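Working notes, beginning with the structure itself.
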Amino acid sequence: MPDKKKTSPASKTSQGRKTTTNKTKQQSTAAKKSTKSAPKTTKRDTPQAQKSAAKPKAPKGKTKQPASKSKGKTQKTKASQPSTLQRIWVVLQDPQALQKLRERLPSWSDEVGAFGLIILGVLTLASLFNPSGEIAEPLATGLQQVFGIGSYLVALILVALGILLLLPKAGIIIIFS
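For reference, each letter of the sequence shown is one residue, going 691 to 867 in our numbering.
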């Protein structure tokens, strides 16, 4: 019979502990390996993120985008686009353009403008008569510095223009000859 070494019960438990700790270590390393072999998908792994990561980042500040990057839309260069003032000037010179603009506006837009002028005129008159407050005082002093005593006339003209815009809606047509 082969010689079997007798071990004390204390050594058996210590060996048993070693084997259990070795088993748990092996299980934990196997779990780590399995998570490494099947990586989780994150935002960095998406195709868009990989494309953006491959592109060099532009320095901060104003940079021009090349026209070839547009998605089916043609981009005009800044030099070929007319400024806002140029577009307004063209519309004011062309009577047909004014008519087209008038047709595109909703039917109630003149009423909104009329009420806006009336409210602005009334607030201006009120601020001229009682210039106290954060808005009324600078408005009154500014109008009085620019127009003098005519500032009251400016406020009345604003109210009158608002009323003139509302009269055609009420069926009253005024013809200036």
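Built from N, CA and C at the ideal position, the CB exists for glycine as well.
Bear in mind that the values here come from a model prediction, so they are computed numbers and not experimental data.
Is the beta carbon of residue i less than 8 angstroms from the beta carbon of residue j?
| i | j | result |
| --- | --- | --- |
| E801 | L856 | yes |
| A830 | L846 | no |
Could you tell me the boundaries of the alpha helix (DSSP H) in which residue i lies?
| i | result |
| --- | --- |
| S817 | S799 to F819 |
| E824 | Looking at the DSSP string, E824 is not in any alpha helix (DSSP H), and its letter there is neither H nor E. |
| L782 | T774 to Q783 |
| A860 | That residue, A860, is in no alpha helix (DSSP H); it is neither H nor E in DSSP. |
So, for residue i: in the same chain, excluding its five sequence neighbours on each side, which residues have a beta-carbon less than 8 angstroms away from its beta-carbon?
| i | result |
| --- | --- |
| V849 | L807, I808, G811, V812 and L815 |
| L843 | F837 |
| G823 | S817 |
| Q789 | none |
| Q783 | none |
| I864 | L854 and L857 |
| P772 | V780 |
Excluding the 5 residues flanking residue i on each side, which residues of the same chain have their C-beta closer than 6 angstroms to its C-beta?
| i | result |
| --- | --- |
| Q834 | S841 |
| G852 | A804, L807 and I808 |
| A787 | V781 |
| W779 | none |
Please return the same chain residues whose Cβ sits closer than 7 angstroms to the Cβ of residue i, not counting the five positions on each side in sequence.
| i | result |
| --- | --- |
| E791 | With the sequence shown as reference, residue 791 is identified as Leu, and Glu is not the correct amino acid for it. Excluding residues within five positions, the ones whose Cβ falls inside 7 angstroms are V781. |
| S760 | Interpretation of S760 is limited by its pLDDT of 48, a score under 50 that renders its predicted location unreliable; the figure taken from the coordinates is listed afterwards. Excluding positions up to five away in sequence, the list is empty. |
Flag residue i as yes when its Cβ comes closer than 7 angstroms to any non-hydrogen atom of the ligand FAD, and as no otherwise.
| i | result |
| --- | --- |
| T774 | In the structure on display, the ligand FAD does not appear, and there are no ligands present to speak of. |
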